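This note's numbering applies: residue 30 is where the sequence shown begins, and numbers increase by one. Glycine included, every Cβ here is placed at the ideal spot set by N, Cα and C. Predicted, not measured: the structure shown is a model, and the values here were computed from it. Below: the structure, in structure tokens.
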Amino acid sequence: MAQPITKIVHPARTEKELQEQSLEAILTDLAKSGDGIREMIRLLNELHESGILGSVNGLVEAKEKVAGIAVEQLLRPQITNAINNMMAAAGALSETNPDMTKKLMGALGSGLEKAEKGLAADEKVGIFDLLKALKDPDINRAIGFGLNLLKGVGQGLKE
Numbered sequence: 030m031a032q033p034i035t036k037i038v039h040p041a042r043t044e045k046e047l048q049e050q051s052l053e054a055i056l057t058d059l060a061k062s063g064d065g066i067r068e069m070i071r072l073l074n075e076l077h078e079s080g081i082l083g084s085v086n087g088l089v090e091a092k093e094k095v096a097g098i099a100v101e102q103l104l105r106p107q108i109t110n111a112i113n114n115m116m117a118a119a120g121a122l123s124e125t126n127p128d129m130t131k132k133l134m135g136a137l138g139s140g141l142e143k144a145e146k147g148l149a150a151d152e153k154v155g156i157f158d159l160l161k162a163l164k165d166p167d168i169n170r171a172i173g174f175g176l177n178l179l180k181g182v183g184q185g186l187k188e
């Protein structure tokens, strides 16, 4: 009787055969992606002709120097102050009622329009005009808002 097969011998591929197989896979991928590759080549040509590609290559080659300069700039006191101020402003805005902020921004826009029209009219304002304006409910409301705002700011500054 015949002996059972206990060991399967796989033929060893040579380096050249592995390279040929890899090249065939790449050529297959290229054939499937022809349009995209042509677009990429056009893009690279445009970047090269405009000088952007050279600049990007130089930037990548000098990455350590660029990173050092970027970190140095970020550590400048003016930049750290700006970052801290933005974070403080974001914190203050997060505590503010969004409806009130929206209302105030809308009112500010309306006020700027009205102020621009008044500026274009070039009307003189006298003391009696100011006293008369205090009776206007819109002006009175804005002055009251401003006074309360100033009071709140003053109280906040005391703490």
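- Take the alpha-carbon of residue 76 and the one of residue 51: they are about 30 Å apart.
- Counting only runs of 4 or more residues that sit fully inside the stretch 118 to 184, the alpha helix (DSSP H) segments are 127 to 150 and 156 to 162, in chain order.
- Collapsing the DSSP output to three states places residue 88 in a helix.
- A direct Cα-to-Cα measurement between residue 161 and residue 137 gives close to 22 Å.
- Linking residue 101 to residue 94 through their CA atoms gives a straight-line distance of about 10 Å.
- In this structure, the CA atom of residue 163 is about 39 Å from the CA atom of residue 116.
- Counting along the chain, residue 63 sits inside the alpha helix (DSSP H) bounded by residues 63 to 79.
- Annotated three-state conformation of residue 109 is helix, per DSSP.
- Separation of residue 64 and residue 80 (C-alpha to C-alpha, rounded to the nearest whole angstrom) is 24 Å.
- If you draw a straight line from the Cα of residue 174 to the Cα of residue 140, it comes to about 14 Å.
- For residue 38, the secondary structure class from DSSP, reduced to helix, strand or coil, is coil.
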